[in-house]
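K.L.:
Below is a structure I'd like to ask you about.
2 protein chains.
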Amino acid sequence: MPVAEKSAAESKFAEFLLRKGLRMTAQRRVIVSVVRSTAEHFTAEQLLAWSQRRNRSVSRPTVYRTLSLMNACGLVRAMDLGEAYTFYDPNFADHPNHSHIICEDCGKIIEFDSDRIAKLEDDICRKLGFTAQARRLQITGSCAKFRETGNCPRRARAAPDSNG
Amino acid sequence: MPVAEKSAAESKFAEFLLRKGLRMTAQRRVIVSVVRSTAEHFTAEQLLAWSQRRNRSVSRPTVYRTLSLMNACGLVRAMDLGEAYTFYDPNFADHPNHSHIICEDCGKIIEFDSDRIAKLEDDICRKLGFTAQARRLQITGSCAKFRETGNCPRRARAAPDSNG
DNA sequence: ATCAATGCAAATAATTTGCAAAAAG
DNA sequence: CTTTTTGCAAATTATTTGCATTGAT
């Protein structure tokens, strides 16, 4: 999943705040910037750690509150992976219709787009008189092949660059 | 989604227990029986209430523990609907590949099967050398049409029959 | 000046767990 | 008899919230 025009996504957040009569703050700027600098799926706790690395004043409640705003405006997507905590997908803004394949061996998340699946979903919704607002498709399993080819590093999960 | 051969599903649980060296108890029998008697998606708390109606001795921890076993053996499927609690799908045993359309207006959950979507998923997994173990597709939106035709009762959610 | 946002500490609440008593095989 | 299961009460833990202070506009 290529990282595309994230700055556009960022201004999307600014516009969202404006429209809602909310304010841009130093903390929010840091948090959004950190999210912008990663393509990995992350937890609130990870985001807190990464953000504090850049600005000690970022607190846990602020991370949760900002995450909620970012989710509301479509900059990020809350995902349930069956773990105790919620994961957030930073690629949602650019690829609102992508799906996830989750490797249970290494925890790796692979993203893919399928116009053909989306088309079938549309047909079904139309047939049922249903107006779709969001969709999520997750496939879990094991990537035996990936491990053979070295593409399934165990629990590899990189932190974003500390210079954003 | 028609209710099909649930008794088969029940013996599946018995076999599962046997295979694992676990035991069948009065509480587990009640819980499984209650789950068998509903086609609705439910929460642990609802299942507790329904089960206690039949046998006061069923406790919350036992419901959670049994739900976990049922999920492990495929009798039930844990679902995240963005609420604070987990919903369980009792139709998973009979229709392991069905998808969900969730109406945000009324909370209603509509289930459907699509061989064509499943086929496309298979193709993608094969192409990635990925062995799928489970899949979940959720589409959320609003069922305006349903409400017109009276098929979208607000938060209607029936308790299962109290006679098993 | 306003009114929103922050950090802190405390609260919330679903789910899990330790343990001694009870039941299954 | 041995091992699992149960209910109870307490623990766990991600996420949320009240509140006084700080900061954005």
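As you go down the protein sequences, you meet chains S and E in turn. Add 374 to the 1-based position in the first sequence for the working numbering, that's all there is to it. Add 374 to the 1-based position in the second sequence for the working numbering, that's all there is to it. We put the CB at the ideal spot given by N, CA and C, even for glycine.
(1) Quick one: does S:R509 have its CB under 8 Å from some CB of chain E?
(2) Taking the beta carbon of S:S536 as the centre, do at least 16 other beta carbons fall within 10 Å, making it buried, or is it exposed?
(3) Among E:Y459, E:C447, E:L494 and E:I498, whose alpha-carbon lies nearest the alpha-carbon of E:H415?
(4) Using C-beta distances below 6 Å, list every residue in its chain close to S:L422, excluding the 5 sequence neighbours before and after it, in chain order.
(5) In or out: E:E389 buried (at least 16 other Cβ within 10 Å) or exposed?
(6) Quick check for students: name the residue ranges of the beta strand (DSSP E) that lie wholly in the stretch 487-517 of chain S, counting only runs of 3 or more.
(7) Return the bridge partner residues of S:R451 from the DSSP annotation.
(8) May I have the straight-line CA-CA distance separating E:S411 from E:E495, to the nearest angstrom?
(9) S:L494 CB to nearest chain E CB: under 8 Å?
(10) Given this structure, state the Cα-to-Cα distance separating E:G515 from S:V432, to the nearest angstrom.
(11) Rounded to a whole number of angstroms, what is the C-alpha to C-alpha distance between E:T505 and S:N429?
(12) Taking the alpha-carbon positions, what's the S:L502 to E:K482 distance?
(13) Counting pairs of Cβ atoms below 8 Å between the stretch 444-451 of chain S and the stretch 462-475 of chain S, do you hit three or more?
P.N.:
Reading off the structure:
(1) To locate residue 509 of chain S, count along the first sequence from 1; it is residue 135. Taking Cβ atoms only, chain E reaches closer than 8 Å to S:R509, which makes this a yes.
(2) Taking the first sequence and counting its residues from 1, the one referred to as residue 536 of chain S is at position 162. Here S:S536 scores only 37 on pLDDT, less than 50, and its place in the model should not be relied on; the value that follows carries that caveat. The residue in question, S:S536, is exposed, as its Cβ has fewer than 16 Cβ neighbours within 10 Å.
(3) As a first step, residue 415 of chain E must be located in the second sequence, where it is residue number 41. Closest by C-alpha distance to E:H415, out of E:Y459, E:C447, E:L494 and E:I498, is E:Y459.
(4) For the purposes of this step, residue 422 of chain S is taken as the residue at position 48 of the first sequence. Within the same chain, S:L422 has close Cβ partners R434 and V437.
(5) Sequence index remark: in the second sequence, residue 389 of chain E carries index 15 (1-based). It counts as exposed.
(6) 505-516
(7) Reading the first sequence from its first residue, position 77 is the one you call residue 451 of chain S. For S:R451, which the question treats as bridged, DSSP gives the partners S:D463.
(8) Here the question's residue 411 of chain E lines up with position 37 in the second sequence. Here the question's residue 495 of chain E lines up with position 121 in the second sequence. So the alpha carbons of these two residues sit roughly 32 Å apart.
(9) As a working note, residue 494 of chain S is residue 120 in the first sequence. The Cβ of S:L494 sits closer than 8 Å to at least one Cβ of chain E.
(10) For this step, residue 515 of chain E is matched to residue 141 along the second sequence. For this step, residue 432 of chain S is matched to residue 58 along the first sequence. Each residue's alpha carbon lies about 34 Å from the other.
(11) What you label residue 505 of chain E is simply residue 131 of the second sequence in a count that begins at 1. What you label residue 429 of chain S is simply residue 55 of the first sequence in a count that begins at 1. Near 42 Å, if we compare the C-alpha coordinates of S:N429 and E:T505.
(12) For this step, residue 502 of chain S is matched to residue 128 along the first sequence. For this step, residue 482 of chain E is matched to residue 108 along the second sequence. Counting only the Cα atoms, E:K482 lies some 13 Å from S:L502.
(13) The way I'd put it, the stretch 444-451 of chain S does touch the stretch 462-475 of chain S; three or more beta-carbon pairs between them come closer than 8 Å.
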